[in-house]
Each structure stands twice: as C-alpha cells, then as structure tokens.
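What follows is a single structure, written as structure tokens, with notes after it.
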C-alpha cells in the first residue's frame, strides 16, 4: 500500500523539528485523478469537509425553495462557523422561520470560538447552547429537510430519511459505497470515502454534469460559499481568509482531524487531502500550497503567506520558526 508522504515541515532555527505526512488528490469532473500524493485510495472520514454533499438533498428535495432559503442559508448549511453573532443571529432567524426552536437541534451545545461571542456569554452569565454549535447551520438544513419530508424528530439517526438522503447523495457524488460510518462531533453520521472519492465529489461540484436537480444544487451551494466566506467560517478562519484571497472564485472547506477540500469551478477540478496526524496547521498549509500550484491563489497574498509559512512566534511575539512545504510535495 502506498504510504503517506511528507507534506509540511516545521523548522525552529536551523533544525527540522516536526514533519506532517499526508495524502492528497486532485480530480477532474470525469473522475480522473489528475495528480496524487500518498495513497489516493486511503479511506477516511471527511468530517465537516463534506457538508456541501450533506446539503444537496436540502435543495434537490425542494425544501430549500419551499422555505425560501437564500444563499446565506445555504452557506450556513455548509459552514463550520465560529458562533459569532453573524452566524447565530441568522441561525435563530432560520429556526424562527421554520416554527422551531433550539431545542429541536440534536447537535449539542458548544462554546463559541468567536472571542466577542464568548465574552458576551460570560458577561451575561449565560452558558453556550446548541445555536453556538459550529454545525448549527448544517443542522438547520437537516431540520428544514426533515420538516419538508414530515419525518420524525430524531433526524440524526442513521436510518432516518434525512440521513438516508444524505448518504445516497454522498455515495453518488464520491462514486463509492461507504464502507464505514462514524458519529461526528455534532452527533450526525459521517460516512467514509477514499481521498480520491472525496476529490471526485468536489470535482463534480466544480463542474456539474447537465442541468438537472443535482447540477443546480451543486452550483447553488458552491456559489453560496464563494459569496459568503464570512459565514462558512468567520473572521480569522482559514476557510474565510483563503476564499477572500481568491476573490470568490474557489470554495474550500475544512474538516476535523486535518481534512481539507477545494472546489475550483473555472478549472473544473476538485481537491481533497488528509494529514495523517490530524494537525490542522499542516492541512491549512497543504491546501494553500495546492491552491497556489493550480494558479488560483497568489503565493504573495498575506493570507497565503500566513498559512504557508507562519511565522511561528514566542509568547513575546518573537519569530522562533517557520513552516514550509516538503520537497516532493508542492513547491511554491
């Protein structure tokens, strides 16, 4: 079996201190592997990087139009947001429009990663709730589909109609039968695929086949993410900063345990990568490197430099080291 390859190095002074290994694949819309590093058939959980695939039934079913969802709603359905007011206010309005409440969520509470939102909760003496969960937009999409289908309240169960629809879309887009499923941090099922399968799905979203419901749903989700990068993550988030740096021409999405995907509509390409040790900083550097290699991200843009190179600082702000992409992966 092909082994993971060195992708990202951490240097402190003149010493190589750490090295991150991984797998990465670039596919075109026909499913052809254009370029690969490591094991393209490595089976992984995509985690939150596949939220766009999970959101396809929301549109294909007619639920999105039936409930008047806008591009902001669709961006939030694909988001791993920071729990900032721009996220939670919109999620609350979404629930209100459905005639539902936070208690209808099954994602669980989460402390917001947005500093202002966290401090506001502390000052008010309040605890975070499910609306602050970084997946509350995805779960709002699940609830919208569930209401449209008239199904039961436990929409996160693997055999529930919402999750059956999600799995069907996922398997059709990856071109693979999910051999495994695990429970994600938000309590919803997460289905397995190979790194190549995940890249294949992203390529299909980049260049949808035909004009049918799947093609239209893919196009709307990608356009929503590109139009609202601040809703997909938030200020200071890699997804938000890198999408802004590319001028809304490419959609990217992170997943827990160092998974990253990219959708390149103009090139008709999809990318997927997995850092085997789960290091987020390495996944961010690797996806930035791939985006530079394929000409959609300027290597000199401040956001590109930030995620490609660091710097790595001491607690006093002294520059103590830097990151760089490994030889044999991508050179920028």
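Residue numbers (our numbering): 13 to 344. Just so you know, even glycine gets a beta-carbon here, dropped at the ideal spot from N, CA and C.
- By alpha-carbon distance to residue 321, the top candidate from 150, 343, 290 and 47 is 343.
- In the structure shown, residue 205 falls within a strand segment according to DSSP collapsed to helix, strand and coil.
- A straight line joining the alpha-carbon of residue 182 with that of residue 154 spans about 15 Å.
- The residue from 21, 129, 42 and 116 with its alpha-carbon nearest to that of residue 214 is 42.
- According to the DSSP assignment, residue 98 belongs to the alpha helix (DSSP H) that extends over 97-110.
- Taking all protein chains shown into account, residue 139 has fewer than 16 neighbouring C-beta atoms within 10 Å of its C-beta and is therefore exposed.
- The beta carbon of residue 72 sits closer than 7 Å to those of 225, 226 and 229, all from its chain and outside the five residues before and after it, given in chain order.
- Straight-line spacing of the CA atoms in residue 240 and residue 59 works out to 21 Å.
- According to DSSP, residue 266 shares a beta bridge with 272.
- In this chain, the alpha helix (DSSP H) harbouring residue 294 covers 292-305.
- Contact check for residue 308 against residue 262 passes: the beta carbons are separated by less than 8 Å.
- When Cβ pairs closer than 8 Å are counted between the two stretches, the segment 198-213 is seen not to touch the segment 243-259, the count staying below three.
- With contact defined as three or more Cβ pairs closer than 8 Å, the segment 156-168 and the segment 125-140 are not in contact.
- Counted as a single uninterrupted DSSP element, the stretch harbouring residue 283 is not any alpha helix (DSSP H) but the beta strand (DSSP E) occupying residues 281-287.
- Residue 82 is positioned such that its CB atom lies no closer than 8 Å to that of residue 51.
- Note on geometry: alpha-carbon atoms of residue 54 and residue 137 lie some 46 Å from one another.
- Relative to residue 281, the option among 264, 172, 294 and 287 whose CA is nearest is 264.
- The criterion of a C-beta distance shorter than 8 Å is satisfied by residue 286 and residue 207.
- By the CB criterion at 8 Å, residue 254 and residue 300 fall inside the cutoff.
- In the DSSP assignment, the residues bridged to residue 39 are 45 and 282.
- At a Cβ-Cβ threshold of 8 Å, residue 266 and residue 61 count as neighbours.
- Taking 8 Å as the upper bound for CB-CB distance, residue 92 and residue 147 are in contact here, some 7 Å apart.
- Residue 92 sits in coil when the DSSP states are folded into three classes, being neither helix nor strand.
- In chain order, 323 and 325 place their CB closer than 7 Å to the CB of residue 331, counting only its own chain and leaving out the 5 sequence neighbours on each side.
- Between residue 277 and the set 145, 47, 306 and 314, the nearest pair of CA atoms involves 306.
- Rounded to the nearest angstrom, the gap between the Cα atoms of residue 291 and residue 34 is 10 Å.
- Taking a C-beta distance under 8 Å as the contact criterion, residue 178 and residue 69 qualify as a contact pair.
- Look at residue 19 here: in three-state DSSP terms it is strand.
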